[in-house]
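First residue of the sequence shown? That's 1 in full-length UniProt numbering, and the numbers climb one at a time after it. A short write-up of the structure that comes next.
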Amino acid sequence: MRMMTLSLKTSVSQATGFEWSKIKIKRNRGRLPSNQWVFGGIGRDTRECFAVLVDQRDATTLLPIIYQYIRTGTTIYSDQWAAYNGIANEPDPHRYNHQAVNHSVNFVDPTTSTHTQNIENLWMCMKRKKKNQMGQHVTLLGTHLTEYMWRQRFGDRPFENLVRAIQEKYVVQ
């Protein structure tokens, strides 16, 4: 499994829309590369996000990523992708509260108000940024995601925050 993670790991406390999304990377004649999937989440309140490149979209691949990035006790909102059924079937059923919306019936569940609009917006913004950069080579997708998440977290002053993070990590004596 090929994974990309942020160097500064953060746990998303209140997550929404854990779902897969295909990032379209055009090669020569508009062909899409195989196995370029991005799995991610975004906090409803904090707007913290994560994105991980994955080769497969099954529960065996996705559940460890959820455990790595999502705090115990978090409510996870998703669509009804089969791989997410493992969240409810895990050994500790109280680890996460999982609410799903059936997109073939509603985009917002009328009973629980569950939706995945936040993650869809995140994917749209990531794709727009990539498109504005006039595309990129398939090998740079992980770097693109890392940069996007860094800028999402640190705003308009990413370089200043990078220097600050380096200073905190490597204290001069």
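A virtual CB, placed ideally from N, CA and C, is assigned to each residue, including glycine.
For residue i versus residue j, is the C-beta spacing smaller than 9 Å?
{"i": "A51", "j": "L140", "result": "no"}
{"i": "Y96", "j": "T74", "result": "yes"}
{"i": "N161", "j": "I42", "result": "no"}
{"i": "G40", "j": "W150", "result": "no"}
{"i": "I65", "j": "I76", "result": "no"}
{"i": "R47", "j": "Q173", "result": "no"}
{"i": "W37", "j": "L53", "result": "yes"}
{"i": "H115", "j": "V108", "result": "yes"}
In the DSSP assignment, find the unbroken beta strand (DSSP E) run with residue i in it and report its ends.
{"i": "H98", "result": "97 to 101"}
Using the three-state DSSP reduction, which class does residue i fall into: helix, strand or coil?
{"i": "M4", "result": "Any reading at M4 must be qualified, since the residue scores a pLDDT of 32, below 50, and its modelled position is unreliable; no value is offered."}
{"i": "T75", "result": "strand"}
{"i": "V163", "result": "helix"}
Can you tell me where the alpha helix (DSSP H) holding residue i begins and where it ends?
{"i": "R157", "result": "Note, R157: premise wrong, no alpha helix (DSSP H); not H, not E."}
Does the region 97 to 109 come close enough to the region 67 to 82 that 3 or more CB-CB pairs lie under 8 Å?
yes
Could you name each continuous alpha helix (DSSP H) segment of 4 residues or more that falls completely within the region 34 to 70, going from the start of the chain to the end?
59 to 69
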